[in-house]
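S.K.: Dropping the structure in here first, questions after.
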Amino acid sequence: MNSDTLTNNELKDTLDGVISLINKKITELTAGTDSSIEFKWNNQFEIDIEQLGSIKLNGQTNISPTRTFPPQVKFVVPDYKAKQLPPAYCCNNSDKIAPGELNCPKGISVHYQTGSIYIADYYNNRVQVFSSNGDYLSMFSEKMKQPIGICIFQYKVFVTQYSSHCINKYELEGKLIKSVGSYGNGEAQLSYPHGLDVSDRNSNVYVCDCNNNRIQILTKEIKFHSMLGIDLFKYPRDVKVIRDRVLVLDGSDPCMFVFNSDHVVSNRLITRVVGK
67 MNSDTLTNNE
77 LKDTLDGVIS
87 LINKKITELT
97 AGTDSSIEFK
107 WNNQFEIDIE
117 QLGSIKLNGQ
127 TNISPTRTFP
137 PQVKFVVPDY
147 KAKQLPPAYC
157 CNNSDKIAPG
167 ELNCPKGISV
177 HYQTGSIYIA
187 DYYNNRVQVF
197 SSNGDYLSMF
207 SEKMKQPIGI
217 CIFQYKVFVT
227 QYSSHCINKY
237 ELEGKLIKSV
247 GSYGNGEAQL
257 SYPHGLDVSD
267 RNSNVYVCDC
277 NNNRIQILTK
287 EIKFHSMLGI
297 DLFKYPRDVK
307 VIRDRVLVLD
317 GSDPCMFVFN
327 SDHVVSNRLI
337 TRVVGK
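To convert, take the position in the sequence shown, counting from 1, and add 66; that gives the numbering used here.
Shown next, in the form of structure tokens:
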């Protein structure tokens with residue numbers, strides 16, 4: 067049995083079996099340790115299992131789903147010999163406006179040089195900054211209301227403001243450089259924006275203009291450039307620009323659109339979700 071012949075149901079059953087075996091092993095290895103430590107697999111496991119390569123089941127059967135899952139995804143597994151679980155960043159979920167506490171965090175971005183973690187702290191109306199070890203460093207909130215999407219590019223932080231219908235551009239330390247946008251459906255106008263990303267090829271900013279059912283493309287100075295997906299999207303929630311491709315998650319379908327360098331749809335992946 068290999069990934070070339072596995073049906074979707076067979077693959078799911080196999081993955082469920084692997085998850086069950088690993089959970090059982092984790093329980094055995096953590097017996098007698100601090101009971102406050104809790105480890106749970108999430109849906110990312112089903113995506114990232116490719117990194118495990120060939121998996122042996124029942125001492126005989128091997129599956130190698132390398133053609134099913136993206137090879138660039140990194141997967142963290144427990145160190146069974148040392149009986150250690152992967153590191154986790156734990157923050158209190160609170161309605162208090164206290165450093166290091168979060169209230170409905172919505173977006174996250176990491177500075178590629180310092181490793182600092184920037185989190186859009188939605189209901190606290192601020193961005194919080196943590197070290198790569200998860201330690202609280204700082205926060206900033208100038209002209210910020212319900213930040214939801216965040217992206218770091220060339221020492222600048224771009225943040226979409228959900229209920230203010232605008233995009234803010236900050237220095238890394240939080241100084242506001244520029245704020246652009248207002249409620250509407252015209253050029254450089256937004257209606258409840260969500261995710262955003264910046265192209266490393268032309269520095270254009272791609273913004274999910276959700277209620278206007280489109281992606282707005284702005285220059286790095288946050289000036290209107292063009293639009294993408296008009297009469298195509300139903301509720302774009304997030305966007306990623308990878309080399310010459312633009313990937314857009316459409317939340318109400320649900321599906322993902324893949325655009326080529328000419329902004330023409332090259333693929334449309336549809337997923338029907340049942341349950342969580």
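Backbone N, C-alpha and C fix where the C-beta goes; we use that ideal spot for every residue, glycine too.
Could you give the distance in angstroms between the alpha-carbon of H329 and the alpha-carbon of E287?
M.R.: 21 Å
S.K.: Measuring CA to CA, which of Q179, L242, Y189 and Q194 is closest to G166?
M.R.: Q194
S.K.: Does I296 come out as helix, strand or coil in the three-state DSSP assignment?
M.R.: Assigned with DSSP and collapsed to three states, I296 falls in coil, not helix or strand.
S.K.: Using a Cβ distance threshold of 8 Å, determine whether the region 196-204 contacts the region 218-225, with at least three qualifying pairs required.
M.R.: no
S.K.: With DSSP as the reference, please indicate the residues paired to P259 in a beta bridge.
M.R.: Note: P259 sits in a beta bridge opposite D275.
S.K.: Helix, strand or coil: how does DSSP classify D39 here?
M.R.: Here the chain comprises residues numbered 67 to 342, so residue 39 is not present and cannot be evaluated.
S.K.: Just grab the DSSP bridge partners of D304 for me.
M.R.: Beta-bridge pairing by DSSP links D304 to L315.
S.K.: One question on the structure: do F325 and R303 come within less than 9 Å of each other, judged by their Cβ atoms?
M.R.: no
S.K.: Going by beta-carbon coordinates alone, are V273 and G261 separated by less than 9 Å?
M.R.: yes
S.K.: Run the CB neighbour count on G295, radius 10 Å, all protein chains shown included, and call it buried at 16 or more, exposed below.
M.R.: buried
S.K.: By the three-class DSSP mapping on this structure, what secondary structure does K235 have?
M.R.: strand
S.K.: Among F219, Y258 and S175, which has the Cα closest to the Cα of V264?
M.R.: F219
S.K.: Sort I308, V305 and Y301 by Cα distance to S318 and report the nearest one.
M.R.: Y301
S.K.: Between the alpha carbons of I185 and P171, how many angstroms are there, rounded?
M.R.: 7 Å
S.K.: Measure the alpha-carbon distance for D297 versus L168 and round it to whole angstroms.
M.R.: Distance between the alpha carbons of D297 and L168 is about 36 Å.
S.K.: Around the Cβ of Q227, are there at least 16 other Cβ atoms within 10 angstroms (buried) or fewer (exposed)?
M.R.: Taking all protein chains shown into account, Q227 has 16 or more neighbouring C-beta atoms within 10 Å of its C-beta and is therefore buried.
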